[in-house]
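Enquirer: Let me give you the structure first, and then I'll get to my questions.
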Amino acid sequence: MNLTVHGKNVAISERVQEYVEKKVGRLDKYLPQIREARAELVRNETRASSDRYTAQLTVWTNRQILRAEESSEDLFASIDAIADKMYRQIERFKGRRFQSRRRDAAAAAAAVDLSATQLPEDPALIARTKQFVAQPMLPEEAVEQMELLGHDFFIFYNVDTSSLNIVYGRKDGQYGLLQPRVA
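Position in the sequence shown (from 1) plus 970 gives the number in the numbering used here.
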């Protein structure tokens, strides 16, 4: 597993780096498919000391992205909390079976490299462009992936309709599915 540790308003000392490597390195035992992990440690200037340090961990597997974020008054406590949260996420992830021959067959058609580019032009229009892999899956799988990431919406390649679709969380607690069509 390739682990990257970044800090924002936090100096990443050798001690902090080793602590993150120790905590996150154990994830590989529980989920060997992990290709890459990124830990971001942030010191926030807040009045509430309970939210002073925020740790975010993003893990990429062959087909999924898992993310955990926790805040506390101590940097090491935040690291412990994201590691624990990620263990729970992995248990949920491993408990699900998303094996589908149709999805595997459509994987080649939907592959796009993951990259993010900052655009220096007019920031009022487009501040950031992000490209991602639109994984082939069913809408139910997309909802579960959206929940794992903690996002409000998720874009995916729908193997039933052979098109890009979007699932989103509704205010009433249910989910919506957007299926674009050409007029």
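Each residue gets a CB set at the ideal place from its N, CA and C atoms; glycine is no exception.
Kindly provide the ranges of any beta strand (DSSP E) runs that are 3 or more residues long and lie completely inside the region 997-1055, ordered along the chain.
Expert: Runs found: 1006-1013, 1023-1030 and 1035-1042.
Enquirer: Measure the CB-CB distance between residue 1188 and residue 1055 and report whether it falls below 8 Å.
Expert: For the chain, the structure presents residues 971 to 1153; residue 1188 sits outside this window and is missing.
Enquirer: How about residue 997 and residue 1060: do their beta carbons lie closer than 8 Å?
Expert: Yes. Within cutoff.
Enquirer: Kindly indicate which three-state DSSP category residue 1150 falls into: helix, strand or coil?
Expert: In the structure shown, residue 1150 sits in coil (DSSP, three-state: anything other than H, G, I, E or B).
Enquirer: DSSP three-state label for residue 1072, please.
Expert: Low local confidence applies: a pLDDT of 47 at residue 1072 is under 50, so the model's placement there is unreliable, with the coordinate-based value given in what follows. If DSSP states are grouped into helix, strand and coil, residue 1072 belongs with the helices.
Enquirer: For residue 1133, which residues does DSSP report across the bridge?
Expert: DSSP output for residue 1133 lists 1128 as bridge partner(s).
Enquirer: Where does residue 980 fall in DSSP's three states?
Expert: Reduced to three states, the DSSP call for residue 980 is coil.
Enquirer: When burial is assigned at 16 or more other CB atoms within 10 Å of the CB, is residue 1128 buried or exposed?
Expert: Buried: at least 16 other Cβ atoms inside 10 Å.
Enquirer: Tell me which residues share the same chain as residue 974 and place their Cβ nearer than 6 Å to its Cβ, disregarding the 5 neighbours each side in the sequence.
Expert: Taken in chain order, the residues that qualify are 1008.
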